[in-house]
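Numbering (our numbering), first residue to last: 347 to 755. Okay, structure first, notes after.
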Amino acid sequence: MKGIKIFGALAIASLLFSANAFAQENHNRDENGKIVHGPYETNHAGDNMFIGIGAGINGVIGPISNPKQWGHIGLAADLNFGKWFTPTIGIRLGYHGLWNNANVDFVTPQIAKGTDFGFHYLHGDFMWNISHTIAGYNELRFWNFVPYVTMGVLDVTSGRNPIAKNTKHNFEYAAGAGLLNVLRLGKRINLTIDLKALVGKAHAYSNNAGRFILYPSATLGMQVNLGKTNWDRHSTITPVVIPVPFTTEQYNALKDKVAALEKENAQLKDKVAALENELAPYRNLQNGQTYLYENGTFTAVDVKPNAPITLYFDCGSAKLSAREKAHLEYFAQNVVNGDTKLAVNGYADKQTGSAKRNQQLSEQRAKAVVDLLKAAGANEANIECAGHGADVQLFDGAQKNRVVTIEVK
Numbered sequence: 347m348k349g350i351k352i353f354g355a356l357a358i359a360s361l362l363f364s365a366n367a368f369a370q371e372n373h374n375r376d377e378n379g380k381i382v383h384g385p386y387e388t389n390h391a392g393d394n395m396f397i398g399i400g401a402g403i404n405g406v407i408g409p410i411s412n413p414k415q416w417g418h419i420g421l422a423a424d425l426n427f428g429k430w431f432t433p434t435i436g437i438r439l440g441y442h443g444l445w446n447n448a449n450v451d452f453v454t455p456q457i458a459k460g461t462d463f464g465f466h467y468l469h470g471d472f473m474w475n476i477s478h479t480i481a482g483y484n485e486l487r488f489w490n491f492v493p494y495v496t497m498g499v500l501d502v503t504s505g506r507n508p509i510a511k512n513t514k515h516n517f518e519y520a521a522g523a524g525l526l527n528v529l530r531l532g533k534r535i536n537l538t539i540d541l542k543a544l545v546g547k548a549h550a551y552s553n554n555a556g557r558f559i560l561y562p563s564a565t566l567g568m569q570v571n572l573g574k575t576n577w578d579r580h581s582t583i584t585p586v587v588i589p590v591p592f593t594t595e596q597y598n599a600l601k602d603k604v605a606a607l608e609k610e611n612a613q614l615k616d617k618v619a620a621l622e623n624e625l626a627p628y629r630n631l632q633n634g635q636t637y638l639y640e641n642g643t644f645t646a647v648d649v650k651p652n653a654p655i656t657l658y659f660d661c662g663s664a665k666l667s668a669r670e671k672a673h674l675e676y677f678a679q680n681v682v683n684g685d686t687k688l689a690v691n692g693y694a695d696k697q698t699g700s701a702k703r704n705q706q707l708s709e710q711r712a713k714a715v716v717d718l719l720k721a722a723g724a725n726e727a728n729i730e731c732a733g734h735g736a737d738v739q740l741f742d743g744a745q746k747n748r749v750v751t752i753e754v755k
């Protein structure tokens with residue numbers, strides 16, 4: 347009876363803490379405070395996988411009407427391997443059990459009441475991350491609330507050691523439900539609190555235990571994430587095309603216009619080819635130098651941008667998108683050389699994240715840009731690099747302040 351009270355207290359505590367985590371959620375909202383949901387891009391087969399271990403307690407509940415037949419507490423262990431296919435849906439395979447104890451005689455296998463018996467459950471679980479479903483996906487969420495259903499094969503043995511000589515086995519199908527609480531400790535490491543209850547057929551064990559026997563358990567463990575751990579939100583929007591009917595006259599007019607544009611395009615191609623031939627002698631001029639062409643002559647000029655270059659980042663990310671990398675490459679090719687002196691400053695928005703996290707994120711963004719500039723030929727000794735966290739907000743709106751600026755000194 348004492349063990350059952352422990353199971354109930356753990357379940358209630360996890361519900362209260364999970365509700366509190368929902369209430370404090372603020373990392374995945376847009377500028378208007380609304381929760382941001384998917385869709386999300388599909389990850390590779392080896393991403394979003396995890397392995398987990400845990401230890402805790404087992405119990406036995408016979409008929410609800412007769413608590414005196416409920417069992418004492420036994421030792422439980424967990425070993426799991428799983429994968430998330432979306433931020434909300436995943437599966438898990440694993441082993442659960444070690445030994446248990448009951449206050450009722452088991453007929454099959456023959457186990458006297460109050461005697462420890464082996465308890466081994468090989469299972470598959472279907473998991474639903476209700477935190478991501480309700481509050482939107484957030485990689486930095488501390489507490490995730492994951493109910494699941496479980497099915498598998500249960501082996502109850504007459505002794506703790508399932509491979510000992512003369513040990514009697516009883517195999518049956520079992521099913522149940524559970525609540526997996528996942529507490530984020532870092533990108534790869536999570537703390538888990540797993541509460542579950544299995545249902546077995548009572549007549550497979552005892553003649554006086556009602557129709558079903560319930561096996562509750564609670565384990566505390568660690569989970570290690572493998573492969574890519576986050577999900578990228580799909581942001582491509584397909585424009586809506588509304589078909590418009592054409593008359594014969596309109597169609598012929600458009601056809602003539604297309605023919606005229608194709609002819610003009612061919613003429614422009616000839617002009618481009620001619621200019622290419624004219625520029626051919628100057629292709630080997632100093633790389634990175636800008637030239638002014640006037641009256642058939644190229645003159646080297648020193649061109650510096652009048653305003654800082656700005657590069658924007660996604661929320662919580664220190665990685666440039668392909669488009670922003672293209673902006674940086676163009677800047678580096680046309681402005682940067684070994685003698686160019688630069689000031690690189692990183693920022694974060696104050697609407698999301700803690701002050702400490704924003705400071706780290708701004709420094710990581712600035713360093714990522716410096717590394718790309720060095721690869722493009724910039725001298726690190728000529729680069730001033732700093733992260734300002736969310737102390738300085740250059741622009742209005744959260745998205746515009748997830749930025750790194752580059753200024754030529």
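The beta-carbon is built from N, C-alpha and C at its ideal position, and this holds for glycine as well.
Can you give the Cα-Cα distance for residue i and residue j, rounded to whole angstroms?
i	j	result
residue 368	residue 523	Residue placement at residue 368 cannot be trusted, given a pLDDT of 49 that sits under 50; what the coordinates show is reported in the next sentence. Each residue's Cα considered, the two are about 22 Å apart.
residue 673	residue 691	16 Å
residue 447	residue 514	16 Å
residue 419	residue 558	19 Å
residue 462	residue 510	14 Å
residue 684	residue 751	19 Å
residue 727	residue 686	10 Å
residue 739	residue 607	47 Å
residue 481	residue 501	39 Å
residue 413	residue 407	8 Å
residue 424	residue 544	14 Å
residue 538	residue 655	45 Å
residue 381	residue 742	20 Å
residue 696	residue 395	32 Å
residue 625	residue 671	28 Å
residue 478	residue 665	23 Å
residue 390	residue 668	19 Å
residue 706	residue 699	11 Å
residue 600	residue 617	26 Å
residue 747	residue 531	27 Å
residue 365	residue 730	Note that residue 365 has pLDDT 48, beneath the 50 cutoff, so the model's placement of it is unreliable and the number below is only indicative. Between residue 365 and residue 730, the C-alpha separation is close to 45 Å.
residue 392	residue 492	21 Å
residue 614	residue 572	54 Å
residue 745	residue 621	42 Å
residue 450	residue 417	8 Å
residue 722	residue 689	16 Å
Just to confirm, is the Cβ distance from residue i to residue j under 8 Å?
i	j	result
residue 734	residue 693	yes
residue 567	residue 398	yes
residue 439	residue 427	yes
residue 494	residue 433	no
residue 528	residue 658	no
residue 455	residue 503	yes
residue 384	residue 579	yes
residue 533	residue 575	yes
residue 490	residue 475	yes
residue 611	residue 569	no
With a threshold of 8 Å between beta carbons, is residue i in contact with chain D?
i	result
residue 560	Any reference to chain D falls outside this structure, which holds one protein chain only.
For residue i, tell me which candidate among the options has the shortest Cα-Cα distance.
i	options	result
residue 679	720, 596, 622 and 617	720
residue 457	708, 435 and 516	516
residue 401	445, 413 and 533	445
residue 505	539, 464 and 391	464
residue 546	614, 492, 409 and 612	409
residue 466	404, 435 and 669	404
residue 459	415, 443 and 476	415
residue 435	729, 388 and 443	388
residue 763	737, 722, 688 and 594	Residue 763 is absent from the model: the chain starts at 347 and stops at 755.
residue 518	710, 602 and 548	548
residue 507	430, 443, 520 and 594	443
With residue i and residue j assumed to form a contact (beta carbons below 8 Å), what rounded beta-carbon distance in angstroms separates them?
i	j	result
residue 712	residue 732	7 Å
residue 541	residue 525	5 Å
residue 682	residue 724	5 Å
residue 441	residue 577	Residue 441 to residue 577, Cβ: 28 Å. No contact.
residue 565	residue 422	6 Å
Flag residue i as yes when its Cβ comes closer than 7 Å to any non-hydrogen atom of the ligand NAP, and as no otherwise.
i	result
residue 463	No copy of the ligand NAP occurs in the structure displayed, which carries no ligand at all.
The region 462-474 / the region 485-501 touching (three or more Cβ pairs under 8 Å): yes
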